[in-house]
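Enquirer: This is the structure I want to talk about, given as structure tokens.
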Amino acid sequence: MSQGQIIKALSGFYYIAYDGHVYQTRARGNFRNRKITPLVGDFVEFESTNLTDGYVLEILERKNELVRPAVANIDVGVVVTSCVEPDFSQNLLDRFLVTLEYKSIDPVIYITKLDLASDDEIQAMKTIRAYYEKIGYPVYFSDVEGDAGLLKHFANQLTVFMGQSGAGKSTLLNRLSPDLELKVGEISNALGRGKHTTRHVELLNISSGLVADTPGFSSIDFLEMTLEELPKQFPEFVAASTNCKFRECQHHNEPHCEVKYLVETGEISKERYEDYLQFRNEITNRKPIYKKNK
Ligand SMILES: Nc1nc2c(ncn2[C@@H]2O[C@H](COP(=O)(O)OP(=O)(O)OP(=O)(O)O)[C@@H](O)[C@H]2O)c(=O)[nH]1
Ligand SMILES: [Zn+2]
Numbered sequence: 001m002s003q004g005q006i007i008k009a010l011s012g013f014y015y016i017a018y019d020g021h022v023y024q025t026r027a028r029g030n031f032r033n034r035k036i037t038p039l040v041g042d043f044v045e046f047e048s049t050n051l052t053d054g055y056v057l058e059i060l061e062r063k064n065e066l067v068r069p070a071v072a073n074i075d076v077g078v079v080v081t082s083c084v085e086p087d088f089s090q091n092l093l094d095r096f097l098v099t100l101e102y103k104s105i106d107p108v109i110y111i112t113k114l115d116l117a118s119d120d121e122i123q124a125m126k127t128i129r130a131y132y133e134k135i136g137y138p139v140y141f142s143d144v145e146g147d148a149g150l151l152k153h154f155a156n157q158l159t160v161f162m163g164q165s166g167a168g169k170s171t172l173l174n175r176l177s178p179d180l181e182l183k184v185g186e187i188s189n190a191l192g193r194g195k196h197t198t199r200h201v202e203l204l205n206i207s208s209g210l211v212a213d214t215p216g217f218s219s220i221d222f223l224e225m226t227l228e229e230l231p232k233q234f235p236e237f238v239a240a241s242t243n244c245k246f247r248e249c250q251h252h253n254e255p256h257c258e259v260k261y262l263v264e265t266g267e268i269s270k271e272r273y274e275d276y277l278q279f280r281n282e283i284t285n286r287k288p289i290y291k292k293n294k
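All residue numbers in the sequence shown are consecutive under UniProt numbering, ending with 294.
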């Protein structure tokens, strides 16, 4: 018996990377009956006497998982965000970041289409970059330096790309992995949302790490999160909260709230705080918000 990682799932076969080889395996019958489906990214125990006829025996505990793309044990989430076409949305960026934080995935922000932006828009993105870097997130602009910076995050990690339709995810993935040939720019066809669902997911080797070849994540709701958990997904709120008067301060109606004070002084972004209040409302009302598909 050996332990490896599933790097591809296709037509009922699971391809397991182990000791420099890839083993084609299937899930064992009794294992299927337990209604657990192995995911790409799963660490598994398997048995095999050759490279093509093995069996998955057990899935080891998952750190996290996403539905789209269907991948488990994600370490890094690259949030691809365009500054124009479609216009930059801090609200959408914060939705991605909160979701990643909640799933214990390290976010990296990658901003595209600066070549289409006006000087003012570029200036605005620089201000955004400075803020998000200050609260601990790596931020890159789409240029040669940005790509080199991004590649450094891949080593020994499992990375997934995500972001709004048309942001440039496929373009970026193709550039980093030229053999990939993901289709680019088919965003405006009305049923575009199905485009990636039929693709199987495969983990690519890029820069000493594994990268999911299928970008994902189109609906962002906070269905699983509680009101108490939400402020913990904002690192600058967590840092400030030690100075809030109340230990479990929700930074909402409580008196002597450090977060609200820092929003007033400008230290904490007003937009981020407003996003926080909006996400609170959504959790309270439990209405899922789906990203518009243009
Ligand atoms: N000018 C410019 N165009 C870009 C850039 N990045 C992507 N594009 C273009 O933007 C369009 C959408 O890019 P895609 O890579 O398909 O975007 P996506 O995020 O994969 O979109 P979906 O597949 O709908 O999720 C294409 O026409 C790209 O050529 C960029 O940095 N600058
Ligand atoms: Zn507070």
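All residues carry an ideal CB built from backbone N, CA and C; glycine is no exception.
Taking a contact to mean a Cβ-Cβ separation below 8 Å, would you say residue 63 touches residue 203 in this structure?
Expert: Their beta carbons are not under 8 Å apart, which means residue 63 does not touch residue 203 by this criterion.
Enquirer: Touch check for the stretch 164-181 and the stretch 206-213: three-plus C-beta pairs under 8 Å?
Expert: Taking 8 Å as the limit for Cβ pairs, the verdict is that the stretch 206-213 does touch the stretch 164-181.
Enquirer: Within this structure, are the beta carbons of residue 40 and residue 160 separated by less than 8 Å?
Expert: Cβ atoms of residue 40 and residue 160: not closer than 8 Å.
Enquirer: In the structure shown, what three-state DSSP assignment does residue 113 receive?
Expert: Coil at residue 113, not helix or strand.
Enquirer: When you measure from the CB of residue 86 to every non-hydrogen atom of ligand 1, does any distance come out below 7 Å?
Expert: False, no ligand heavy atom lies under 7 Å from that Cβ.
Enquirer: Per DSSP, residue 54 is paired with what?
Expert: In the DSSP output, where bridge partners are listed per residue, residue 54 has 25.
Enquirer: Rounded to whole angstroms, what's the CA-CA distance from residue 143 to residue 35? Just pull it up for me.
Expert: Between residue 143 and residue 35, the C-alpha separation is close to 45 Å.
Enquirer: Let me make sure I understand the geometry here. Which of 139, 260 and 73 has the alpha-carbon closest to that of residue 156?
Expert: With distances taken between Cα atoms, residue 156 lies closest to 73.
Enquirer: Are the beta-carbon atoms belonging to residue 76 and residue 105 less than 8 Å from one another?
Expert: Taking 8 Å as the Cβ cut-off, residue 76 and residue 105 qualify as a contacting pair.
Enquirer: Please state whether DSSP places residue 40 in a helix, a strand or coil.
Expert: Here residue 40 sits in strand by DSSP.
Enquirer: Is residue 272 buried or exposed, if buried means 16 or more other CB atoms sit within 10 Å of its CB?
Expert: It counts as buried.
Enquirer: How big is the Cα-Cα spacing for residue 20 and residue 183?
Expert: The straight-line gap from Cα to Cα measures roughly 30 Å.
Enquirer: Taking 7 Å as the cut-off, does the CB of residue 254 come closer than this to any heavy atom belonging to ligand 2?
Expert: Because some heavy atom of ligand 2 lies under 7 Å away, the Cβ of residue 254 counts as near it: yes.
Enquirer: Evaluate contact between the stretch 224-241 and the stretch 254-271, counting only Cβ atoms and requiring at least three cross-stretch pairs below 8 Å.
Expert: With a cut-off of 8 Å, the stretch 254-271 and the stretch 224-241 count as touching, because enough Cβ pairs lie within range.
Enquirer: Helix or strand or just coil, what does DSSP make of residue 205?
Expert: If DSSP states are grouped into helix, strand and coil, residue 205 belongs with the strands.
Enquirer: I need the straight-line Cα distance from residue 14 to residue 84, nearest angstrom please.
Expert: One C-alpha to the other measures close to 40 Å.
Enquirer: Does the beta carbon of residue 215 fall short of 7 Å from some heavy atom of ligand 1?
Expert: For ligand 1, at least one heavy atom lies less than 7 Å from the Cβ of residue 215.
Enquirer: Only counting the same chain, and skipping five residues up and downstream in sequence, which positions put a Cβ closer than 6 Å to that of residue 1?
Expert: Correct list, in chain order: 45 and 47.
Enquirer: Is the CB-CB distance between residue 109 and residue 138 below 8 Å?
Expert: Yes, they are a contact pair.
Enquirer: Buried or exposed: where does residue 295 fall if 16 or more other Cβ atoms within 10 Å of its Cβ makes it buried?
Expert: This structure leaves residue 295 out entirely; the chain is present only between 1 and 294.
Enquirer: What span of residues does the beta strand (DSSP E) with residue 127 cover, start to end?
Expert: Per DSSP, residue 127 belongs to no beta strand (DSSP E); it is in the alpha helix (DSSP H), 119-134.
Enquirer: Name the DSSP beta bridge partners of residue 47, please?
Expert: Residue 47 pairs with 55.
Enquirer: Quick one: what does DSSP say residue 281 is sitting in, helix, strand or coil?
Expert: It is helical.
Enquirer: Could you pull out every residue in the same chain whose Cβ sits closer than 6 Å to the Cβ of residue 22, ignoring the five residues on either side in sequence?
Expert: Closer than 6 Å at Cβ, skipping near neighbours: 15.
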